[in-house]
Structures are given as C-alpha cells and as structure tokens.
Amino acid sequence: STFLMRLAKWTVQSSWLSDLFTDRSILATQRKWAIVAYF
85 STFLMRLAKW
95 TVQSSWLSDL
105 FTDRSILATQ
115 RKWAIVAYF
C-alpha cells in the first residue's frame, strides 16, 4: 500500500513537472495577468 502511494505521488509529481515544462509560457502569462489583476 505504501508502494502504491509512492507510485501515485511520483505519477502526480512527474505529470506536474511535464505540465510545468510544456506549459511554462502559458503559466507565466497567467501569472503575469494574475499579478496585473491583483494590483
């Protein structure tokens, strides 16, 4: 059960990393607009 939890955590982290690398410009743009909307 700990192995499954570790595997699930690794899958989530790896998918998050791949999203980070593929959508870095989109995330940066969203963050920029979020900062603009905040101020």
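One rule links them: number in my numbering = place in the sequence shown (from 1) + 84.
Every residue, glycine too, gets a C-beta built ideally from N, C-alpha and C.
Quantities reported herein were computed from a predicted structural model and do not represent experimental measurements.
*Whole angstroms is fine: what's the gap from A121's alpha carbon to W94's?*
Position 37 of the sequence shown holds residue 121. Position 10 of the sequence shown holds residue 94. C-alpha separation (whole angstroms): 34 Å.
_C-alpha distance - F87 paired with V96, whole-angstrom precision_ = What you label residue 87 is simply residue 3 of the sequence shown in a count that begins at 1. What you label residue 96 is simply residue 12 of the sequence shown in a count that begins at 1. Straight-line Cα distance between these residues: approximately 14 Å.
*DSSP on S85, reduced to helix/strand/coil?*
Along the sequence shown, one-based indexing puts residue 85 at 1. The answer is coil: DSSP assigns S85 none of H, G, I, E or B.
*What's the C-alpha gap between S98 and L91?*
Stepping through the sequence shown from its first residue, residue 98 is reached at position 14. Stepping through the sequence shown from its first residue, residue 91 is reached at position 7. So the alpha carbons of these two residues sit roughly 10 Å apart.
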